[in-house]
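All letters in the sequence shown, in the order written, are residues -19 to -1, 1 to 173 by mature numbering (1 follows the signal peptide of the UniProt record, and there is no 0). Backbone N, C-alpha and C fix where the C-beta goes; we use that ideal spot for every residue, glycine too. A quick write-up on the structure given underneath.
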Amino acid sequence: MNALSTAALAMAMSTDAFAAAIGKGTALKQPRWTEALRTGAIFGVIEGITPLVGWLLGLTAVNAVKEWDHWIAFVLLGTLGLHMVYNGLKTDQSEVDAVEDKPSRHSFARLALTGFATSIDAMAVGVGLAFIDVNIAYVAAAIGFATFVMVTLGVMLGRVMGAVVGKRAEIVGGIVLAAVGAAILFEHLTAA
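See below:
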């Protein structure tokens, strides 16, 4: 695998996380760069580890992850997205109150769960890479770095979108997460 292929793979693996990060950014009260970098680091580390896990699984059980990755991602992202939509609909506050009630940061657990859900496909890629001659550490680091950059930018883009969307930003973020999960499921079901 050459450098161009690795870069393309890294960018492709980070697109789901980028979309989820936009949703995360819209759900926050004016996220700062520090929160965007924190979110990017959490997603990037998880996205960098999952191909390694997949590669190890690929050495032992080829189809275990690949057959279910899209369902796992769909359920996790759909559940998180629906929870965000529910939170956005449960109160009928004014736009100012809704913005003031938004958290300034997400919990580590919520970010890690979302990061894991968006990285299931990277795990499946790791399984496939176990069967070709590739430096898995290099590829995993490239995927993790691309995800870090894309998620950091996604959170800040979500900040802008949150200001435009107003009090229903969390609903938009939830819909984005659920849509990412549905897109992963659709992509895998139509490719089969």
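Burial check for K71: the Cβ neighbour count within 10 Å stays below 16, so the residue is exposed.
Nearest Cα to D102 within the set G4, A(-13), W36: W36. CA-CA distance, V108 to W49, rounds to 13 Å.
Rounded to whole angstroms, S100 and V141 show a C-alpha spacing of 25 Å. If you check the CB distance, G29 and I113 do not come in under 7 Å.
Around the beta carbon of A172, fewer than 16 other beta carbons sit within 10 angstroms, so the residue counts as exposed. Excluding residues up to 5 positions away in sequence, D(-4), H51, A54, F55, D102 lie with their Cβ nearer than 7 Å to the Cβ of I165 in the same chain.
T31 is positioned such that its CB atom lies closer than 7 Å to that of M104. Cα atoms of S(-15) and V120: separation of roughly 10 Å, rounded to the nearest angstrom.
Rounded to the nearest angstrom, the Cβ distance from G96 to I156 is 19 Å, too far for a contact under 8 Å.
A(-17) and L18 have their C-alpha atoms some 25 Å from each other. Judged by DSSP secondary structure, K71 falls outside any alpha helix (DSSP H); it is assigned neither H nor E. A straight-line Cα-Cα distance of about 32 Å links M131 and T41. Annotated three-state conformation of R86 is coil, per DSSP. A163 is positioned such that its CB atom lies no closer than 7 Å to that of S(-6).
Selection H169, V66, F89, A159 evaluated against I152 yields V66 as nearest (Cα-Cα). For the set A1, L134, M(-9), the Cα lying nearest the Cα of A159 is the one of A1. Burial is judged here by how many other beta carbons sit within 10 angstroms of a residue's own beta carbon; L110 has at least 16 and is buried.
Per DSSP, P12 lies in no alpha helix (DSSP H) segment and is marked neither H nor E.
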